[in-house]
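**Student:**
Numbering (UniProt numbering), first residue to last: 1 to 560.
(1) Only counting the same chain, and skipping five residues up and downstream in sequence, which positions put a Cβ closer than 8 Å to that of residue 584?
(2) According to DSSP, which residues form a beta bridge with residue 100?
(3) Going by beta carbon distance, what residues of the same chain come within less than 7 Å of residue 232, once the five residues before and after it are set aside?
(4) Need the endpoints of the beta strand (DSSP E) that residue 362 sits in, please.
(5) Sorted by chain position, which residues of the same chain lie with C-beta nearer than 8 Å to residue 146's C-beta, five sequence neighbours on each side aside?
(6) By the 10 Å Cβ neighbour count, where 16 or more other Cβ atoms means buried, how is residue 127 classified, buried or exposed?
(7) With 16 other CB atoms within 10 Å as the buried threshold, where does residue 422 fall?
(8) How is residue 594 classed by DSSP in three states: helix, strand or coil?
(9) Could you tell me if residue 9 is buried or exposed, where buried requires 16 or more neighbouring beta carbons within 10 angstroms of its beta carbon?
(10) Taking buried to mean at least 16 other C-beta atoms within 10 Å of its own C-beta, is residue 564 buried or exposed?
(11) Quick check: residue 228 and residue 152, are their CB atoms within less than 8 Å of each other?
(12) Entirely within the region 160-201 and at least 4 residues each: give me those alpha helix (DSSP H) ranges in chain order.
(13) In three-state terms, what does DSSP make of residue 482?
(14) So what does DSSP say about residue 427, is it helix, strand or coil?
(15) Less than 8 Å between CB atoms is the rule here; does residue 314 satisfy it with respect to chain D?
(16) In this structure, what does DSSP give as the bridge partners for residue 217?
(17) Let me confirm a value: residue 12 is counted as buried when at least 16 other C-beta atoms fall within 10 Å, else exposed. Which label applies?
(18) Go ahead and pull the three-state DSSP assignment for residue 451.
(19) Taking buried to mean at least 16 other C-beta atoms within 10 Å of its own C-beta, is residue 460 buried or exposed?
(20) My assumption, with CB atoms under 8 Å, is that residue 183 sits in contact with residue 194. Please give the rounded CB distance.
(21) Along the beta strand (DSSP E) that carries residue 390, what are the first and last residues, could you check?
(22) Taking only three categories from DSSP, how would you classify residue 316?
(23) Measure the alpha-carbon distance for residue 285 versus residue 438 and round it to whole angstroms.
(24) Using a Cβ-Cβ cut-off of 6 Å (strictly less than) and excluding sequence neighbours within five positions of residue 348, which residues of its own chain qualify?
(25) Less than 8 Å between the CB atoms is what I'm expecting for residue 170 and residue 51, so what's the real figure, rounded?
(26) Taking DSSP as the reference, what is the three-state secondary structure of residue 154?
(27) Evaluate the contact criterion for the region 413-428 versus the region 291-301: three or more CB pairs, one atom per stretch, below 8 Å.
(28) Are the region 470-487 and the region 372-382 touching by the rule of at least three beta carbon pairs closer than 8 Å?
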């Protein structure tokens, strides 16, 4: 009997939901819209229903040297929630979706397997206008990865980043213990330091988070009203390309360098989709905590191009906050509806940056993006490819705490920007990776400290010697110390985790007066993920029982 078969039977005997290749629940769990991970098929999928089962899984996996990959939503841009190792096991938390709203204490408690749609539904199904949870823009995003990485929500400028609203976290640590850490823990205690680390660097680094408690915030708008909208700005057919219009660049540079009020969040995306007949354009997505009169006043004050100001006002509506959550973010969400297999399957790669909003930064950044998008259209005519540059509006209350307040370090940023390259034909991968590398090399120098990236928009091509500084900046030394306290043996590790074994970290290189290795050309990674996944697809199944630790008896210690 293979090692996988023994493990599967062991979990079945303990009544822990386990699924093998071919099972419908297995196929649903591993399905992904990003075809780069199309051959990522773990030997089996576990779907625990409670914390005791998670403890049992961690205990067994540690004893049997199994590699666990934690999945709470499956939206990691770099595939961090996708099990890719030869002896990989996917721990899918999708069955841990309990939610409890307590307006008396202004808190909401939810399981780490929730997606934001589950949490928002708790607010939508009740007279809760004016209350908001600091969550994601998409109902299908998992709460765990979002909050543990920091969390940029549509109202974060006025209420703070998602991880700053955390009150408690329950986590199964590397030794199988269930630990609850709180915002009231003494900061220099081991528990207090873990709570600090989980707020910005918690995903897959210290254990399996099973439950969170967040503060519920009250919006400032009267009667629970907010303003939300969406406008895709393209040039008219009889006009030159939008990006070539005389005042376009001045309009965008002024837009990004404006000190918008904290109640206003306007995300924007530069669009270049060669699959569509439209030219280059910009998508604006405003969210405003206030009245329509106030919103219109701010648009008129700061947007000097009349046609753009008119559309940003015209294409935004005042609505109750619960309607906003249901219609704008959740859109006919039903908790009982089983999520369908991804239908819009394509190949995607990403990279992220953190920018200030001064002209010294913004003007070269927008010039680079404009030039690269125009070059993209020139270089790949007729191809089914897309390039996007998305600016998530940050700052405001998110920037008030010091960078050392939590593991989330890049407080000084006003825009978290991420590049997306998407294509449909697999032989375009080399071209797309090469173009992304070229573009991010131009942009990286303008990111905070010439290196900043955002862990919630991870770049899978970042080298081990660079990713720690890129994601956590000057906080990495303390994060390594916390890792030593709670997971000294590095049981929880990933390609872009804290203190990876088997390599020289950026900080270790710096301490040894060595420069980190130069950035590798992303093109070198072409087909590497698919090839590795294909070669190891069935490798673990041939392991025989001599690889199994014989003294494992039962899950009695976990009450199973």
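For every residue, glycine included, the Cβ atom is placed at its ideal position computed from N, Cα and C.
**Tutor:** Per the coordinate set shown:
(1) What the structure shows of the chain is the stretch from 1 to 560, and residue 584 is not part of that stretch, so it cannot be assessed.
(2) 109
(3) 281 and 283
(4) No beta strand (DSSP E) holds residue 362; the alpha helix (DSSP H) holding it covers 359-379.
(5) 73, 116, 135, 136, 162 and 456
(6) exposed
(7) buried
(8) In this structure the chain extends from 1 to 560, so residue 594 is not present and cannot be described.
(9) exposed
(10) This structure does not reach residue 564, given that the chain is present from 1 up to 560, and the question cannot be answered.
(11) no
(12) 190-201
(13) helix
(14) helix
(15) Judged by its chain identifiers, the structure shown contains no chain D, having just a single protein chain.
(16) 132
(17) exposed
(18) coil
(19) buried
(20) No, residue 183 and residue 194 are not in contact; Cβ-Cβ is about 12 Å, not under 8 Å.
(21) 385-393
(22) strand
(23) 28 Å
(24) 34 and 422
(25) 7 Å
(26) coil
(27) no
(28) no
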